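Protein chains in written order, with our numbering: chain A, 1 to 140; chain B, 141 to 280; chain C, 281 to 420; chain D, 421 to 560. Okay, structure first, notes after.
Number of protein chains: 4
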Amino acid sequence: MGLQMDAAALNGFLGREFPQVAADFRVERVAENLAELRLIASERNLRPGGTVSGPSMFALADLAIYCAILARIGPVALAVTTNASIDFMRKPAAGVDLLGECRLLKLGRVLAVGDVMIRSEGVDAPVARASMTYSIPPRG
Amino acid sequence: MGLQMDAAALNGFLGREFPQVAADFRVERVAENLAELRLIASERNLRPGGTVSGPSMFALADLAIYCAILARIGPVALAVTTNASIDFMRKPAAGVDLLGECRLLKLGRVLAVGDVMIRSEGVDAPVARASMTYSIPPRG
Amino acid sequence: MGLQMDAAALNGFLGREFPQVAADFRVERVAENLAELRLIASERNLRPGGTVSGPSMFALADLAIYCAILARIGPVALAVTTNASIDFMRKPAAGVDLLGECRLLKLGRVLAVGDVMIRSEGVDAPVARASMTYSIPPRG
Amino acid sequence: MGLQMDAAALNGFLGREFPQVAADFRVERVAENLAELRLIASERNLRPGGTVSGPSMFALADLAIYCAILARIGPVALAVTTNASIDFMRKPAAGVDLLGECRLLKLGRVLAVGDVMIRSEGVDAPVARASMTYSIPPRG
């Protein structure tokens, strides 16, 4: 059960398939059932006060599980989110990148489930925690 | 238990407080425990294929309950999302605005709860459904 | 797109397949994409103070969407819950039955999604609101 | 930030305050921001086929975060669940106890947030994962 894609392959895939979001995110680390992504703090996703917006955190969680799934099954653009549940717990640190670490808890025939812990870089207490479910297309 | 803000007042407030998102959204309708918002389909929030992205739908749901709360309690910038749970059920229609209708189910002393049904304009079957919880600051 | 099972058929099915829970619940009403169930207040599901417990409300929501699905596709015992998200908003009225009304929002090839509004009988303000996702077995 | 209650104190508290559920559950382990509870497999909470029911898993998750909170703040019967989101991922092993391990992610002034991983005893792949939010009464 090796990995089909590593961090470099995932970053290349995101750049080609999702050019409009790839500039804001970077895959940092991939392992069996784990993917860590960085949300780069920039004008585009900061709110007044310098903190990252809720929709940007949603995007980070969504992309983190997507990468954890692709690392296992290879580049399948058609996987889609069916459910996302996010708890926002603390204000992010101002002007700092966010890191989202996804644990893939299930990769079934039709559904994949994972959770994503989001932290401000260098801060231990989590900013948000997301549970994500993806529907994955039939595999040969 | 009248409304503190109508649709025009809410649109003005969003334009002043959240200029970076206000261009994409418009409050269409407000009533007791109800707010309907439009997400204007534009280059910024469309994915390849012309459909609205998940994070943009999250933003629509988040803003819809925020407006339903503000309509009741007046312009309080400090209310924050604590939990969001979204089911994505159908692909949005391509190139069409999305409408999000929030029913405010509870407006308590510290928590407000609502759900938001999201539809492509002119299509009856819902695209997504969100449950949102807000923490609201103490009121005098 | 008529109904495969009405309220009487569903009550019979629950009594045969789930005898250990059927005594606590009754299907009150079924229509296209809608099922209303009653949770009968009894010693078994009341907490000190006479209010219904959280797990019993979970069971009500779970059974309500199950019945809404079966009404459409017929008696398929194998459908299983994959996700449940519940907001508990108000204390139930003491010693009173709860009513759970499920709207079926999607009945797809592999997933069904619905939400359930739970009220104390005779009280308008909702006690809880649940979003439920079921995985349904392949149909011929 | 020491613990206010250990496993023995929590088991005693549950037995006195919630006698109707205490027979099914046992607090196994408590640490800073962590509580592990056992759901004892018995006739009462098994479905045909010998697997634990969804509502029983909900009860396990709910009680696990409650104990993690009480361990930190002491015996406060008034904390109440405001939101629960559960992903059911795999069928529990038949006739086996379930273990639910809660990580307390936030213990704020009014809200506590945690997640609970549920496994069949002796099986590594998780059966379910829950996110729980509790509203906690003002503390002196």
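Glycine included, C-beta positions come from ideal geometry on N, C-alpha and C. Values in this document were obtained by computation on a predicted structure and should not be read as measured data.
Check                                                                                                                   : Outcome
DSSP three-state assignment for C:GLY282, whether helix, strand or coil                                                 : coil
Touch test, the stretch 257-267 of chain B against the stretch 113-126 of chain A, Cβ-Cβ under 8 Å, three pairs minimum : no
Per-residue burial, D:GLY528 [other beta carbons within 10 Å of its own, 16 or more giving buried]                      : exposed
CB contact below 8 Å: A:GLY54 versus chain B                                                                            : yes
Per-residue contacts from D:LEU498 into chain B (C-beta, under 7 Å)                                                     : Those do not exist, as D:LEU498 stays about 14 Å from chain B at its closest Cβ, beyond 7 Å.
Contact between the stretch 30-48 of chain A and the stretch 314-330 of chain C (3+ Cβ pairs under 8 Å)                 : no
D:LEU498 in three-state terms, based on DSSP                                                                            : coil
8 Å contact criterion, which A:ALA141 and A:LEU104 should meet: CB distance rounded                                     : Here chain A covers residues 1 to 140 and nothing more, so residue 141 of chain A does not appear.
Cβ contact check for the stretch 398-418 of chain C and the stretch 424-433 of chain D: 3 or more pairs under 8 Å       : no
Entirely enclosed alpha helix (DSSP H) segments - the stretch 52-127 of chain A, minimum 4 residues                     : 54-73
Bridge-paired residues (DSSP) for A:VAL27                                                                               : A:LEU37
Per-residue burial, D:SER462 [other beta carbons within 10 Å of its own, 16 or more giving buried]                      : exposed
Cβ of D:ASP507 within 8 Å of any chain E Cβ                                                                             : Absent from the structure is chain E; the protein chains it does hold are A, B, C and D.
Burial state of C:PRO372 (16 or more Cβ within 10 Å)                                                                    : buried
D:THR502 at chain A interface by Cβ criterion, 8 Å                                                                      : no
Buried/exposed call for A:ARG16, threshold 16 Cβ in 10 Å                                                                : exposed
Endpoints, the alpha helix (DSSP H) within which A:ASN11 is located                                                     : 7-17
Environment of B:PRO215 [buried if 16+ CB atoms lie within 10 Å]                                                        : exposed
Span separating the alpha-carbon of C:LYS386 from that of B:MET272                                                      : 20 Å
Which of helix, strand or coil DSSP assigns to C:ARG324                                                                 : helix
Cβ neighbours of D:SER473 in the same chain (closer than 8 Å, five flanking residues each side left out)                : ASN465, LEU466 and ARG467
8 Å contact criterion, which C:PHE338 and C:ILE366 should meet: CB distance rounded                                     : 6 Å
Straight-line gap, D:GLY574 to D:ARG446 (C-alpha atoms, nearest Å)                                                      : The requested residue 574 of chain D is not part of the displayed model; chain D covers only 421 to 560.
Near-chain C residues of the stretch 86-112 of chain A - C-beta to any C-beta below 7 Å                                 : VAL110 and LEU111
Beta-carbon proximity of D:ALA491 to D:GLY520, cut-off 8 Å                                                              : no
CA-to-CA distance, C:ALA359 to C:PRO417, given in whole angstroms                                                       : 6 Å
Whether C:THR344 touches C:MET369 by CB criterion (8 Å)                                                                 : Note on residue identity: the sequence assigns Ala, not Thr, to residue 344 of chain C. Going by C-beta atoms, C:ALA344 is not nearer than 8 Å to C:MET369.
Under 8 Å from the C-beta of B:ARG269: neighbouring residues of chain C                                                 : LEU385, VAL393, ASP395 and SER411
D:ALA451 burial status per 10 Å Cβ neighbour count (16 or more: buried)                                                 : exposed
Same chain, Cβ closer than 7 Å to A:ASP24, five either side skipped, listed in chain order                              : LEU39, ILE40, SER42, ARG44 and ASN45
Under 8 Å by beta carbon: chain B residues contacting A:ASP62                                                           : GLY194 and PRO195
Cβ-Cβ distance between C:SER415 and C:THR362 below 8 Å                                                                  : yes
Within-8 Å CB hit, A:ALA59 to chain B                                                                                   : yes
Distance, D:GLN440 Cα to C:ASN291 Cα                                                                                    : 28 Å
Closest residue to B:LEU238 among B:ALA149, B:LEU177 and B:ALA162 (Cα-Cα distance)                                      : B:LEU177
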